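Protein chains in written order, with the numbering used here: chain A, 1 to 157; chain B, 1001 to 1157. Structure record follows, encoded as structure tokens.
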DNA sequence: ATATCCTATGTTATAAAATAACATCTGGGG
DNA sequence: CCCCAGATGTTATTTTATAACATAGGATAT
Ligand SMILES: [Zn+2]
Ligand SMILES: [Zn+2]
Ligand SMILES: [Zn+2]
Ligand SMILES: [Zn+2]
């Protein structure tokens, strides 16, 4: 692992730890391990992929264990769920108030999380006009990243 | 069924029929039936709910039949998929270029589809800044509709 | 310390959602 | 009529997620 992402990982884990302490919650070994795995992955991963990785490590949890950890991390805002892909991904804007807005390359699955402030404003407005009160939003944008656009052109000129 | 929604249903079916003809595609009985069911429902419904309804009607298809019909209708833009709920819903803006933007009451599941023009612009911009080319987006907003807000207050004052 | 309680995890079984793979049918175009 | 492509039927399986109940373990109070 390179220095940069090592820093990022440790910073995130430290942040999560502090947050849990502040909220009187426990960042247990499973929860910590799942969060670490999600942070390390470049792409969104499924619950069962995480399960398989833990099995490889010698730990052999059943699905409920993973899903509980994921639920906890979701509730604390440490991770997000990409519903169109049944995948989970670590938050890249920890500590910042934001909505889940994701650009996802439909070819290589490279994913970028946006803050989505202006989208939030728009959504609050529109919800208001329809007499809905906004609670939480998920925005998933099916995209092609630059390298995949080029590749696509080469494949089908 | 009241006159209004009857009109809406027949207008939608006529539209779908014309579109299929124009695209040299066949709106077969299953596809037509599934679209009708989705239009009639007030709330998003799951593939297996549709299956059950068809079984009640005497027709007994297996899951692939429904999913094929749903895939067809999705491709033609007649319906949308709400991924966070594993549900499908008829489009209420047929014939208008738009993105799938949905307000969904998390209590009663009342759903409103927005056109999302301004959101689209924002997303195109942001995608551009990140060197992604936007293909298609899904925006699901977890809300409380007005009646459910009131109810909520009564439940927990 | 130890009893108690609450929370987290383990375990087993099952539900729910979606697809794979292959067979069969059907409706036009030649 | 024959052929072919697309649509549906059929069976089995995969993938994703949860229900239900048992066990463990850390904190608090006595
Ligand atoms: Zn985030
Ligand atoms: Zn890509
Ligand atoms: Zn629509
Ligand atoms: Zn409601």
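Beta carbons: idealized from backbone N, C-alpha and C, even for Gly. On a predicted model such as this, the values are computed, not experimentally measured, just so you know.
Taking residue i and residue j to be in contact with their CB atoms under 8 Å, please state how far apart those CB atoms are, rounded to whole angstroms.
i                       : j                       : result
residue 34 of chain A   : residue 73 of chain A   : 7 Å
residue 138 of chain A  : residue 77 of chain A   : About 13 Å separates the two Cβ atoms, so there is no contact after all.
residue 1039 of chain B : residue 1012 of chain B : 5 Å
residue 1095 of chain B : residue 1015 of chain B : 7 Å
Could you give the DSSP three-state label for residue i: helix, strand or coil?
i                       : result
residue 1132 of chain B : strand
residue 91 of chain A   : coil
residue 1097 of chain B : coil
residue 1115 of chain B : coil
residue 108 of chain A  : coil
residue 52 of chain A   : helix
residue 7 of chain A    : helix
residue 121 of chain A  : helix
residue 153 of chain A  : helix
residue 1001 of chain B : Unreliable positioning characterises residue 1001 of chain B in this predicted model, as indicated by a pLDDT of 46, which lies under 50. A coordinate reading is not provided.
residue 27 of chain A   : coil
residue 1137 of chain B : strand
residue 102 of chain A  : strand
Count the other C-beta atoms from every protein chain shown that fall within 10 angstroms of the C-beta of residue i, then say buried if there are 16 or more, exposed otherwise.
i                       : result
residue 26 of chain A   : exposed
residue 1126 of chain B : buried
residue 1140 of chain B : buried
residue 21 of chain A   : exposed
residue 80 of chain A   : buried
residue 146 of chain A  : exposed
residue 1070 of chain B : buried
residue 110 of chain A  : buried
residue 1097 of chain B : exposed
residue 1062 of chain B : exposed
message: Residues around ligand 2, please: the condition is that the C-beta lies closer than 5 Å to some non-hydrogen atom of it.
response: Taking every residue with its beta carbon within less than 5 Å of a heavy atom belonging to ligand 2 gives, in chain order, A/105, A/107, A/108, A/110, A/145 and A/148.
Residues from the stretch 1089-1104 of chain B in contact with chain A, defined by Cβ distance under 9 Å: For chain A, the residues of the stretch 1089-1104 of chain B that bring a beta carbon within less than 9 Å of one of its beta carbons are 1101, 1103 and 1104, in chain order.
message: Tell me which residues of the stretch 123-141 of chain A have at least one Cβ-Cβ distance to chain B shorter than 7 Å, keeping chain order.
response: 123, 126, 127, 130, 131, 132, 133, 134, 135, 136, 137, 138, 139, 140 and 141
- prompt: What residues from the stretch 51-75 of chain A come within 8 Å of chain B, judged by C-beta to C-beta, listed N to C?
  reply: none
query: Name the residues in the stretch 1143-1154 of chain B whose C-beta lies less than 8 Å from a C-beta of chain A; which are they?
result: 1143, 1144, 1145, 1146 and 1149
Short-range partners of chain A found in the stretch 1104-1120 of chain B, where Cβ spacing is below 9 Å: 1104, 1105, 1106, 1110, 1112, 1114, 1116, 1118 and 1119
- request: For ligand 1, enumerate in chain order all residues having a CB closer than 5 Å to any of its heavy atoms.
  value: A/91 and A/93
- request: Taking only beta carbons into account, state which residues of the stretch 75-87 of chain A come closer than 7 Å to chain B, listed in chain order.
  value: 83 and 84
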